[in-house]
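Below: the structure, in structure tokens.
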């Protein structure tokens, strides 16, 4: 079962926040791709993204468009508090303004280095989907209209212009098959689908809860999957003794060799879940459990 234990106000998505999604050609060289652009070339990418977004929602031309000229794995964007986009929004708020005209604010690397909060994690290179984040900011009325349009249309109609895709391909040294725009909500929906295909559908509600309602406690206890409870910003995973695991998952089974193999598989599954949660910046703590997990967690 997967159920919320308590209710809390949801954490809203940042308005008008999303990414240029670059789907790459599979290959052996993905781990060595370029993941950032120098500052002197960042403005060109930012201008193309701002232009494409204005073509999707006309009022976007009235807003500041802030971009980091770097590409990231989806897990780096889907973290509690949306830290990457929050950093972009904070940088945009402090950027100097000359006049009232909308700005394109593009952050790039200097001598290969980005500020710590914006540096892509090399541990997550190698995937076939890379994301270039953006945030729009400005008058609340325009923001609301643009946000509604992007949420409504971007998933279906958000293909990037050909010159934008080519510019990203050249700047990062990638082989791009498709380039499109996604809101953060679109990215969540896509990731949920991918995790379902990967057999992680039982775990996704924990990640989704941490993103949208971090104050809400969620219990996951669905044998033969691991048991955990998300609360207080942390996933508490039941560390079952062999006896407790057998009583929970395999009552009545007495084949020692079979039980040993299945228990090893269960422990590997726990490690996989912990690794996925850690990638989403959701800390995991293990709770020794000699009985029913729901009682101990």
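Residue numbers (my numbering): 11 to 307.
Just so it is clear, CB atoms sit at the ideal spot from N, CA and C, and this is done for glycine as well.
Between the CA atoms of residue j and residue i - distance to the nearest angstrom
i, j, result
"residue 155", "residue 178", "28 Å"
"residue 19", "residue 221", "Low local confidence applies: a pLDDT of 45 at residue 19 is under 50, so the model's placement there is unreliable, with the coordinate-based value given in what follows. Approximately 12 Å between the Cα atoms of the pair."
"residue 185", "residue 43", "9 Å"
"residue 80", "residue 219", "27 Å"
"residue 180", "residue 173", "10 Å"
"residue 171", "residue 232", "45 Å"
"residue 304", "residue 59", "48 Å"
"residue 146", "residue 238", "37 Å"
"residue 28", "residue 102", "15 Å"
"residue 249", "residue 76", "44 Å"
"residue 260", "residue 131", "40 Å"
"residue 302", "residue 192", "42 Å"
"residue 162", "residue 98", "23 Å"
"residue 164", "residue 69", "15 Å"
"residue 299", "residue 203", "32 Å"
"residue 100", "residue 25", "13 Å"
"residue 125", "residue 270", "48 Å"
"residue 34", "residue 257", "46 Å"
"residue 205", "residue 211", "6 Å"
"residue 11", "residue 291", "Unreliable placement is indicated for residue 11, whose pLDDT of 47 sits below 50; no coordinate value is reported for it."
"residue 150", "residue 189", "29 Å"
"residue 228", "residue 242", "10 Å"
"residue 61", "residue 275", "50 Å"
"residue 96", "residue 272", "43 Å"
"residue 296", "residue 209", "22 Å"
"residue 57", "residue 294", "40 Å"
"residue 48", "residue 183", "13 Å"
"residue 153", "residue 108", "21 Å"
"residue 104", "residue 123", "20 Å"
"residue 17", "residue 230", "Residue placement at residue 17 is flagged as unreliable, the pLDDT there being 42, under the threshold of 50; the coordinate-derived value follows with that caveat. Whole-angstrom Cα-Cα distance: 16 Å."
"residue 207", "residue 286", "15 Å"
First through last residue of the alpha helix (DSSP H) which encompasses residue i
i, result
"residue 256", "252-259"
"residue 59", "49-66"
"residue 269", "266-289"
"residue 195", "194-207"
"residue 86", "84-87"
"residue 221", "214-222"
"residue 229", "From DSSP, residue 229 is part of no alpha helix (DSSP H) but of the beta strand (DSSP E) over 228-231."
"residue 184", "Premise fails: residue 184 is in no alpha helix (DSSP H) and is neither H nor E."
"residue 234", "Where residue 234 is concerned, there is no enclosing alpha helix (DSSP H), given that its DSSP letter is neither H nor E."
"residue 98", "93-104"
Closest Cα partner of residue i within the set the options
i, options, result
"residue 213", "53, 51, 89, 236", "236"
"residue 278", "234, 307, 299, 56", "234"
"residue 225", "232, 240, 231, 211", "240"
"residue 128", "78, 147, 73, 149", "78"
"residue 53", "209, 188, 116", "116"
"residue 288", "273, 246, 272, 257", "246"
"residue 216", "301, 187, 161, 90", "90"
"residue 134", "118, 295, 82, 183", "82"
"residue 176", "23, 30, 24", "30"
"residue 111", "93, 119, 206, 148", "148"
"residue 65", "209, 167, 189", "167"
"residue 46", "307, 137, 74, 119", "119"
"residue 72", "108, 113, 95", "113"
"residue 169", "93, 153, 157, 187", "187"
"residue 157", "63, 293, 272", "63"
"residue 121", "51, 295, 96", "51"
"residue 137", "183, 296, 109, 32", "32"
"residue 106", "160, 153, 74", "74"
"residue 194", "244, 273, 94", "94"
"residue 223", "272, 56, 244", "244"
"residue 92", "182, 183, 23, 230", "23"
Extent of the continuous beta strand (DSSP E) to which residue i belongs
i, result
"residue 115", "114-117"
"residue 238", "237-241"
"residue 32", "27-34"
"residue 298", "294-299"
"residue 74", "74-78"
Proximity test, Cβ basis, 8 Å: residue i and chain D
i, result
"residue 242", "Checking the listed chains, one finds no chain D in this structure; it contains a single protein chain."
Start-end ranges of the beta strand (DSSP E) lying completely within the stretch 122-174, minimum 3 residues: 139-147
Given 8 Å, three or more beta-carbon pairs between the stretch 279-286 and the stretch 252-266: no
Stretch pair the stretch 133-141 + the stretch 83-98: three plus CB contacts closer than 8 Å: yes
At least three beta-carbon pairs within less than 8 Å, the stretch 195-203 to the stretch 260-267: no
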